[in-house]
Amino acid sequence: MKAVVCPGYGPPEVVRVDDVPAPALDTGQVRIRVNVAAVNFPDVLFIANQYQVSVPTPFVPGSEFAGIIIEVANAAGDFAVGDRVSGAALHGAFAEEVVAPAAGLTRIPDGVDDRTAAAYGVAHGTAYHALRSAAQVDAGQDLVVLGAGGGVGLAAVQLGVLLGATVTAVASSDEKLSAAASYGAVHLVKHGTSDLRGALRQAVPDGAHAVIDPVGGAVAEPALRSLRPGGRFVTVGFASGVIPRIPLNLVLVKGVHIIGFQLRDIPPGEFHRNRTELTELLTAGQVVPHVGAVFPLDDAARALRLVADGKAIGKVLIEVTS
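Throughout, the working numbering is defined as the position within the sequence shown, counted from one, plus 350.
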């Protein structure tokens, strides 16, 4: 089969498209013909060997996909050949075929195309769990979203608005802020060209109830300072490449809460509730992921570079089957 291969660690440009053997199918797994894959920032980190876990080279990168089941192993539940599904894995999605445990797959609702399904799961799932269970955002609250033009950030803007929050979007370009505004962000703050702390104070004079931060770096501390007493700062990741050093006296004096977000920490009941609500929003068309760019499989390196450089708006997709 045709696949993107990472032969050795390095920048996105190290990957190449090659013919590789199809992955073996094991008990409880299904084989999926991948139609569309989505690029996520961890894919870049895996290729550079900078993620929390290391994948031995050579490997096929790609963690999110949508397609159709073409083979089913024993103990794969009620999935059948021909079912349209989406899913996520550590790697393997940038290929014509991927093998995945049936238990981790989601049926694509009728009326939802493969691009939408591939772009929805990871970013919107991360954002919604972070908003509902970690930040506990509610109607009438003020929400600050950092990295508001990226996949998780723009999803947090969309979903925060749906939850009834007044959203302040912080992003690095006018184009990203324009996208955030189109999904309901009320206050727009461009960092890097102004005093971020002052801009947030002006946007949310009484202080924000919650901050969602998938970026880290220099924007984290000013956003933390924008919280009102008792506010929640949810750290989702460090797309800037820099882990911020937060002065704990600020946390003590303001009485705010810093929450590290991990999916595995969400209680099972809340996880099921969140996932059900997300699926309902997708099926009803109330939330549609913003697809900023689509590349063919042969241009996977360009897709990865766009995400690595922080220039992507919303989700970047790779169309595997044309």
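A virtual CB, placed ideally from N, CA and C, is assigned to each residue, including glycine.
As the structure is a computational prediction, the values presented were derived from the model and not from experiment.
Inspect the beta-carbon positions of residue i and residue j and report whether they are closer than 8 angstroms.
i	j	result
L512	Q636	yes
P639	A505	yes
G580	G605	yes
A558	L577	yes
V586	V502	yes
E414	V365	no
G514	D488	yes
V644	E620	no
G499	S532	no
G566	V592	yes
I420	R434	no
V561	A573	yes
R582	H607	yes
V367	A485	no
S436	A452	no
From the DSSP secondary-structure annotation, give me the bridge partner or partners of residue i.
i	result
S436	A416, T456
K352	D369
H622	Answer is none; H622 lacks a bridge partner.
A388	E414, L667
T518	V494, H537
G549	A small fix is needed here, since residue 549 is Ala in this sequence, not Gly. Its beta-bridge partners do not exist; DSSP assigns none.
E447	R383
I562	V495, V584
P339	Within the shown structure, residues of the chain are numbered from 351 to 672, placing residue 339 beyond reach of any answer.
V422	V380
L577	A558
F409	C356
I608	F583
V641	K665
Return the residue from the list the options that minimises the CA-CA distance to residue i.
i	options	result
K661	G427, T476, V641	V641
T519	E525, Q508, A535	Reading off the sequence shown, one finds Ala at residue 519, where the question assumed Thr. Selected option, being the one with the closest Cα: A535.
G454	F444, V601, P597, A438	A438
R457	T671, A653, T633, R652	T633
I397	E363, V603, L546	E363
V386	P411, P451, D464	D464
V355	Q612, H541, A445	A445
E627	N424, H479, A416	H479
A570	T377, H541, N424	H541
A423	L496, D376, L647, V494	D376
Does the beta-carbon of residue i have 16 or more other beta-carbons within 10 angstroms, so that it is buried, or is it exposed?
i	result
I663	buried
S304	Since the first residue of the chain shown is 351 and the last is 672, residue 304 is not available in this structure.
L600	exposed
R482	buried
T476	buried
A430	exposed
L546	buried
P335	With the chain running from 351 to 672 in the structure shown, residue 335 is simply not present.
E630	exposed
N624	buried
Q508	buried
I382	buried
P555	exposed
H474	buried
L496	buried
For the putative contact between residue i and residue j, defined by C-beta atoms under 8 angstroms, what is the C-beta separation to the nearest angstrom?
i	j	result
F353	V370	The sequence as given places Ala at residue 353; Phe does not occur at that position. That belief holds up - the Cβ atoms of A353 and V370 are roughly 5 angstroms apart, short of 8 angstroms.
P564	A530	Actually they are not in contact, since the Cβ atoms of P564 and A530 sit about 13 angstroms apart, beyond 8 angstroms.
E447	A372	5 angstroms
A553	H537	4 angstroms
P408	P357	5 angstroms
L654	V394	6 angstroms
T466	L493	In fact, because the Cβ distance is near 24 angstroms, the residues do not count as touching under 8 angstroms.
A469	K665	4 angstroms
Less than 7 angstroms separating the Cβ of residue i from some heavy atom of the ligand NAD?
i	result
D368	No copy of the ligand NAD appears in this structure; indeed no ligand is present at all.
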